[in-house]
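Quick note on the numbering used here: the sequence shown kicks off at 1 and runs consecutively. No residue lacks a Cβ here, since even glycine has one placed at the ideal position from N, Cα and C. Worksheet: the structure to be examined is printed underneath.
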Amino acid sequence: MANKSQILSDGHKEKIRSQIISGARNYKKQLMDKVFLIVCEDGIEYEVRFFKGDYKHLTGIYSNLSDDDFFEYCVSGKVDKGNIDTQQKYDWGTLKKREE
Numbered sequence: 001m002a003n004k005s006q007i008l009s010d011g012h013k014e015k016i017r018s019q020i021i022s023g024a025r026n027y028k029k030q031l032m033d034k035v036f037l038i039v040c041e042d043g044i045e046y047e048v049r050f051f052k053g054d055y056k057h058l059t060g061i062y063s064n065l066s067d068d069d070f071f072e073y074c075v076s077g078k079v080d081k082g083n084i085d086t087q088q089k090y091d092w093g094t095l096k097k098r099e100e
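Put into structure tokens, the structure is as follows:
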């Protein structure tokens with residue numbers, strides 16, 4: 001785990017909570033269980049898939065939940081600000097941009 005040096009206030013954790021719930025629901029609806037084909041100008045093709053275990057990493061949030069539990073708690077709305085670590089690798093401004 002990288003050096004955790006940024007402190008989040010309870011207010012910021014609550015805002016992040018709201019954003020990761022919404023994000024997880026959109027992630028599930030728009031990305032999961034789908035295969036995206038990317039075709040490059042040179043004709044090389046790549047298939048891209050999104051798994052529930054990837055969601056936590058994509059948010060950049062440190063949490064006391066496993067990757068799969070983090071996603072499930074977010075989708076169900078059960079994630080709590082207590083599940084979001086107070087100390088994070090990224091500062092508030094960076095985390096906020098990742099969630100928009």
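Helix, strand or coil at residue 39 [DSSP, three-state] | strand
Buried or exposed: where does residue 38 fall if 16 or more other Cβ atoms within 10 Å of its Cβ makes it buried?
-> So residue 38 ends up on the exposed side.
Any idea what DSSP makes of residue 48, helix, strand or coil?
-> The answer is strand: DSSP assigns residue 48 an E or B state.
Per-residue DSSP class, three states only, for residue 63 | Under the three-state reduction of DSSP, residue 63 is assigned to strand.
Taking residue 27 as part of the alpha helix (DSSP H), name the residues at either end of that continuous run.
-> 10 to 30
When the Cα atoms are used, what is the spatial distance from residue 29 to residue 59?
-> So the two alpha carbons sit approximately 17 Å from each other.
So, do the stretch 14 to 31 and the stretch 57 to 73 have three or more beta carbon pairs nearer to each other than 8 Å?
-> yes
Compute the Euclidean distance between the alpha carbons of residue 46 and residue 33, then round it to the nearest angstrom.
-> 16 Å
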